[in-house]
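Quick note on the numbering used here: the sequence shown kicks off at 78 and runs consecutively.
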Amino acid sequence: VVEGRELTRKQATAAMDAIMTGSVSGAQIGALVTGLRMKGETVSEIAGFAGAMRAHALTVEVDSHERPLLDTCGTGGDNSNSFNISTTATFAIAAAGVRIAKHGNRAASSLCGSADLLEGLGVEVELSPEEVAQSVEDVGIGFMFAPAFHPAMRFVGPSRREMGIRTIFNVLGPLTNPAGANHQLIGVGHPDIAWKLAEVLKLLGSTRAVLVHSEEGLDEIGILGQSAITEWDARRGTIREYAIAPDDFGLDRGTMANVKGGDVATNVGITRSILSGEPGPRRTITLMNAGAGIYAAERTNSIGEGIALAADAIDSGAALERLEQLVETTRRMVAARERVTA
């Protein structure tokens, strides 16, 4: 790697396997990922790392072959301090009939990560694999708290914190869903990585993946102007690129100031107001991302049709009801578990 040579997928898998078993030092981890970053990580290298990380994860047994299973996840790091757009969109997507196994964590570059928001909304986020699978079955949404499902990543944490730079580890989250979600809506903080990640998902067996990055720099579909879409579709056997904007769907454009978030309490209020039908730019950006998720899950034939379903899900109250069901279901699960262990 130091000499600029590429690792084969097999070599990358072996390297990540050594990291995941604690067989290498922090200095060795840092040297490897810095070398990869400097030469540029290849599709085979990312696929090898992701495959090994999947192998060391706890698994959630959800049938993803008969019916699509969607993950909405981002690489993060856009430093936008926007509200939790994709997590809010999750409830509209689920209410439109898509099963979701969402993979997320607490805040890294913002004040409120997906796990923080869900906890603030009343959802129990630290569930067992069996509880997550049951949540998907009962509610159509299951949340997997990343540190609990990827315990071997504890060997990586200290090196990542000390290095303080973006490495291959920053893109692995969306590629390593513990439930084996075969459809993805992935936000990328840097547009130059989108095609590469689409190639990786092709290698990893994804059915459809929609990777998005906005003109304003969000790892989401934005509302300022054009958003770049990179789409892998296994049925067509193609990766294609295109752009969308709010006015393509009869929606108004907005600014970054319109979608700013804040701390957990602020973002909880924003999510509830959107799911309660409040109009405006926050609704627009939620609809666009929900529409893309519904399309990624093959529920519709276009993002525009997905946006229409998402709007119906919110306006009918079904999206908010899905949130309340998730709160009730996860609390009941945790209470039952605590009674057994008491």
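Each residue gets a CB set at the ideal place from its N, CA and C atoms; glycine is no exception.
Check, Outcome
"Check the DSSP bridge columns for M221 and list the partner residues they point to.", "H180"
"Which runs of the beta strand (DSSP E), 3 residues or longer, sit entirely within the stretch 311-360?", "315-321"
"Would you tell me roughly how many angstroms separate the C-alpha atoms of R416 and G299, rounded to the nearest one?", "45 Å"
"Taking DSSP as the reference, what is the three-state secondary structure of A50?", "No information on residue 50 is available, as it lies outside the stretch 78 to 419 that the chain covers here."
"In terms of residues, what are the limits of the beta strand (DSSP E) holding G264?", "260-264"
"Does DSSP put S291 in a helix, in a strand, or in coil?", "strand"
"In three-state terms, what does DSSP make of D148?", "strand"
"Let me know the secondary structure DSSP gives R82 once reduced to three states.", "coil"
"Is there a Cβ from chain D that is less than 9 Å from the Cβ of G346?", "In the structure shown, chain D cannot be found, because there is only a single protein chain."
"If I follow the unbroken alpha helix (DSSP H) through N247, where does it start and stop?", "246-249"
"Residue range of the alpha helix (DSSP H) that D215 falls in?", "206-216"
"In whole angstroms, give me the CA-to-CA distance for G420 and S304.", "Lying outside 78 to 419, the shown extent of the chain, residue 420 is not represented and no answer is given."
"For G199, collect the residues of the same chain with a Cβ closer than 8 Å to its Cβ; drop the 5 residues on either side in sequence, then sort them by chain order.", "V404, R408"
"Considering only residues of the stretch 94-153, which uninterrupted beta strand (DSSP E) runs meet the minimum length of 3 residues and lie entirely inside it, listed in chain order?", "146-151"
"So what does DSSP say about A286, is it helix, strand or coil?", "strand"
"Name, in chain order, the residues that DSSP records as bridge partners for S159.", "K337"
"Could you check if P251 is buried or exposed, using at least 16 other CB atoms within 10 Å of its CB as the buried criterion?", "buried"
"CB-CB under 7 Å to E196, same chain, minus the five flanking residues each way: which ones, in chain order?", "V202"
"Within 10 angstroms of its Cβ, does N247 collect 16 or more other Cβ (buried), or is it exposed?", "buried"
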